[in-house]
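**Student:** Sequence positions in the sequence shown follow this note's numbering and run 128 to 465. Can you keep this structure in mind? I'll have questions shortly.
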Amino acid sequence: MAAEPVNAPAGPADLFQAATAFWHSRVLAVAVELDLFSLLATGPASLEELCARLRLHPQPTEALLGGLCAIGILEHDEHGYRNGPTAATWLDRASPDYLGGLFALAGWQFPLWTRLRDLLETGQPQGDRAGLGFDGDALALRRFAETAEGLAADCGPALAAALDWSAVTSVVDLGGARGGTLATVLAAHSHLVGTCFDIPAMAPLFDELAGRLGLAERMLFRGGDFFADVLPPAEVYLLGHLMSDWDEERCTDLVARAAEALEPGGTLVVLDSLIDPDRPSTARNWLVNLNTQLVNPSGSVRSTVDCADWLRSAGMSGVQVRALVGSESLVLGTKPRR
């Protein structure tokens, strides 16, 4: 019998909330675009002060601020508006835990979802990856890196705890952006040295992060094309949130190339928002799948069964599927020793 969906709408009020969920999303996304939370990090401000500094009209701005208070993001008293704990921790750009990139991505994706029916009728993506940093735009690349880290914020600590790293000395994060997940693993295991392999344009952002975290001596960057260039050797290879970007042929090739670079006895790890038939909680990834297909002509969220098959085809033994955190999964296998 199929498991009942988590938080299934129970009546008209729940259905109304589901129908208008984009209200919350858009309020937060626009506030992040305005960098409102970074401004309020310096202290409380009145409606008049905020309108003057952000060049906004007072009537809708008062409603926006009231809405942010209603959902618990801002607080308001006689001294003005101030950040609540969530905004102070996650939405102030100066915070080391900044996750505002998630809302920048959501703002970019929002118009695509208005064309969902077109995707269903044509099977064709409704957007492209322009503006996500792949066209060489430095600001867009930074936003992409921030978004990638936001999406994987819980994965780094979970990954650091999920594997036995005690006998490992080297790890490569393939497509690791500016190294956020890698940094979390290295910070938790001081004996590790890690390499992030990504497009060359990501190097300055990687160096900035590694320097800020004091990990520059243990975090290395290699720029290149992971479908064409020789990959560096390592005892653990991490393919984090890559499988949904490519068609099956490219995914198979990517896993095989990582397996070839892996040291004998090493571990190949796929970390992704996969659909696992044995975990009902991963069913939300069907929505991630729709989002992927709206953007990417060859993208699709994969299943744990697919990934396990790709690892076995690449010669990995002892292939396992593990729950990681939320709807994230690990699929891992060991390269036989010669």
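Every residue gets a Cβ at the ideal spot worked out from N, C-alpha and C, and that includes glycine.
Measure the beta-carbon distance from Leu286 to Gly306 and round it to whole angstroms, keeping in mind my assumption that it falls under 8 angstroms.
**Tutor:** Between Gly306 and Leu286 the Cβ distance is about 13 angstroms, and since that is not below 8 angstroms, they are no contact.
**Student:** Could you tell me which residues DSSP puts in a beta bridge with Leu172?
**Tutor:** Looking at the sequence itself, residue 172 is Ala, so the reference to Leu does not match. Per DSSP, Tyr208.
**Student:** In terms of residue numbering, what span does the alpha helix (DSSP H) encompassing Ser165 cover?
**Tutor:** It spans Leu163 to Leu167 - the alpha helix (DSSP H) in which Ser165 sits, taken as one unbroken run.
**Student:** Say whether the region 324–331 touches the region 339–355, bearing in mind that this needs 3 or more beta-carbon pairs closer than 8 angstroms, one atom from each stretch.
**Tutor:** Touching, per the Cβ criterion.
**Student:** In chain order, what are the residue ranges of uninterrupted alpha helix (DSSP H) at least 4 long that sit wholly in the region 389–452?
**Tutor:** Counting whole runs of 4 or more residues, the region 389–452 contains the alpha helix (DSSP H) stretches 412–422 and 431–440.
**Student:** With Ala197 and Phe164 assumed to form a contact (beta carbons below 8 angstroms), what rounded beta-carbon distance in angstroms separates them?
**Tutor:** Incorrect: roughly 16 angstroms between the Cβ atoms, too far for contact.
**Student:** Which runs of the beta strand (DSSP E) fall wholly inside the region 205–250 and span at least 3 residues, in chain order?
**Tutor:** Counting only runs of 3 or more, we get 207–210.
**Student:** In whole angstroms, what is the alpha-carbon distance linking Phe279 and Ala450?
**Tutor:** Correcting the residue identity first, residue 279 is Ala in this sequence and not Phe. C-alpha separation (whole angstroms): 15 angstroms.
**Student:** Going by C-alpha distance, which of Gly302, Ala294 and Ser297 is nearest Ala272?
**Tutor:** It is Gly302.
**Student:** Between which residues of its own chain and Glu176 is the CB-CB distance below 6 angstroms, once the five residues before and five after are set aside?
**Tutor:** There are no such residues.
**Student:** Determine the contact status of Val312 and Val298, defining contact as a CB-CB distance below 8 angstroms.
**Tutor:** In this structure, Val298 lies closer than 8 angstroms to Val312 by Cβ.
**Student:** Is there contact here, the region 229–247 with the region 156–163, by at least three beta-carbon pairs under 8 angstroms?
**Tutor:** Yes, since at least three Cβ pairs between the region 229–247 and the region 156–163 fall closer than 8 angstroms, the two stretches touch.
**Student:** Provide the residue span of the alpha helix (DSSP H) that contains Arg153, from first to last.
**Tutor:** Its alpha helix (DSSP H) spans residues Ala148 to Glu160.
**Student:** Cα separation between Ala410 and Glu248?
**Tutor:** C-alpha separation (whole angstroms): 23 angstroms.
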